[in-house]
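Working notes for the structure below.
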Amino acid sequence: MTQLRTEFGFQEAAAIAAGCQGANQIMNNLESKVAVVSGAGRGIGRSIAIALARAGADVVGCSRTVSELESLASEIKQLGRRCATARVDVADWENVKHFAETVVAEFGRCDILVNNAGGTFAEGELADSDPALWTKTVDINLYGTYFLTRALLADIPSGGKIINIASGMGLAALPGNSSYAAAKAAVHMLTQVLSQEVWERGIEVNDVIPGLVATTNVTWASDRSSVDTVLAEFADRPVPFAASERVKHPDEVGELVAWMAGLPPGGPTGQSFSLARRPL
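In my numbering, the protein residues as written are 114 to 393.
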């Protein structure tokens, strides 16, 4: 059985970043909600987990790196929220199933599921691709999303939210990224199909297209040691997409997901929310 590491915080939650009053009211209404975030140890997933905690949710974060999860739990504790973490390989069905059982046993339900775990391991043209790395990319991005959703779906109540992290590469071809593009295209369609299957249960399913974000997966960056380093590198350098695109901080994605999670029941479903600044 997967073991959850649980932390409790007792300090007042930090304020949400400045924004319109209505948006802040939406983002602050996650009190008593339980959010599960995959790939929560670093990058976009970490920012999402922290944004949800700031909005009032208790967070269950999973990833494959224990040290990153311990750091996440400590930070969420300082926000005054409960945080449980577990080392999980989302591409392993048995591992995911045990994790989901543990989440439900400890928290009783999952109000918000964010399928964020992903990455690419098979860059390069298909003709030169390594089948093992190609399928590994699909396993984590597509099967990881399916496995975690399948394992928790029965325990998502009416008013629940499923938010999948998709990609513009799943909507517009970029040579040299066939495995990642195929997987993210499938995630996008999975979002639409599932939204129609569960709308009668009052569950909303949407996806997010982050655009180019300063994470360690930005392979165009010469030094990928930190978000600030990546942002600085692209401050005066064109990004490898449309001229209108810009490199975003992971926290921007976190704030969007927290806003989506806080929308009242009966809101959008089967939709894509994009931070990309280029045609898709």
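Where a beta carbon is used, it is the ideal one built from N, C-alpha and C, also for glycine.
In chain order, what residues of the same chain lie with their CB nearer than 6 Å to the CB of residue i, ignoring the 5 residues before and after it?
i: alanine 371; result: Met140, Ala164, Leu165 and Ala168
i: threonine 304; result: Asn277, Val318 and Asp320
i: glutamate 310; result: none
i: threonine 233; result: Thr250 and Tyr293
i: alanine 279; result: Lys297, Val300, His301, Asp320 and Ile322
i: serine 308; result: Val318, Thr382 and Gly383
i: glycine 367; result: Ser160, Ile161 and Ala164
i: threonine 332; result: Because threonine 332 sits at a pLDDT of 45, beneath the cut-off of 50, its placement in the model cannot be relied upon, and the following sentence gives the value as read from the coordinates. Cβ within range, chain order: n/a, list empty.
i: alanine 264; result: Val209, Lys210 and Ala213
i: glycine 257; result: Val203, Ala204 and Ala230
For residue i, which of helix, strand or coil comes out of DSSP?
i: arginine 314; result: helix
i: alanine 151; result: For the record, residue 151 in the displayed sequence is serine; it is not alanine. Looking at serine 151 - three-state DSSP - the assignment turns out to be strand.
i: aspartate 205; result: coil
i: leucine 192; result: coil
i: aspartate 241; result: helix
i: serine 187; result: helix
i: phenylalanine 212; result: helix
i: asparagine 290; result: coil
i: leucine 117; result: coil
i: threonine 233; result: coil
i: alanine 164; result: helix
i: arginine 222; result: coil
i: isoleucine 253; result: helix
i: alanine 296; result: helix
i: alanine 334; result: Residue placement at alanine 334 cannot be trusted, given a pLDDT of 44 that sits under 50; what the coordinates show is reported in the next sentence. If DSSP states are grouped into helix, strand and coil, alanine 334 belongs with coil.
Based on the DSSP output, what are the partners of residue i in its beta bridges?
i: isoleucine 276; result: Val227 and Asn319
i: cysteine 176; result: For the record, residue 176 in the displayed sequence is serine; it is not cysteine. DSSP output for serine 176 lists Arg200 as bridge partner(s).
i: aspartate 171; result: Val147
i: valine 326; result: Lys361
Taking all protein chains shown into account, do 16 or more other C-beta atoms lie within 10 angstroms of the C-beta of residue i, making it buried, or fewer, making it exposed?
i: proline 377; result: exposed
i: valine 306; result: exposed
i: proline 363; result: buried
i: aspartate 268; result: buried
i: arginine 155; result: buried
i: serine 271; result: exposed
i: alanine 218; result: exposed
i: glutamate 399; result: Given a span of 114 to 393 for the chain in the structure shown, any question on residue 399 remains unanswerable.
i: alanine 240; result: exposed
i: glycine 221; result: exposed
i: alanine 327; result: buried
Tell me which residues share the same chain as residue i and place their Cβ nearer than 7 Å to its Cβ, disregarding the 5 neighbours each side in the sequence.
i: glutamate 144; result: Gly169
i: valine 179; result: Arg200
i: glycine 380; result: Glu317
Keeping to the same chain, check which residues put their C-beta closer than 8 Å to that of residue i; ignore five residues upstream and five downstream.
i: methionine 373; result: Lys274, Ile276, Asn319, Val321 and Phe386
i: leucine 369; result: Val321, Phe386 and Leu388
i: asparagine 229; result: Val150, Ser151, Gly152, Ala153, Ile157, Gly158, Ile161 and Ile278
**Asked** Fully enclosed by the segment 355-392, which alpha helix (DSSP H) runs are 4 residues long or longer?
**Response** 363-374
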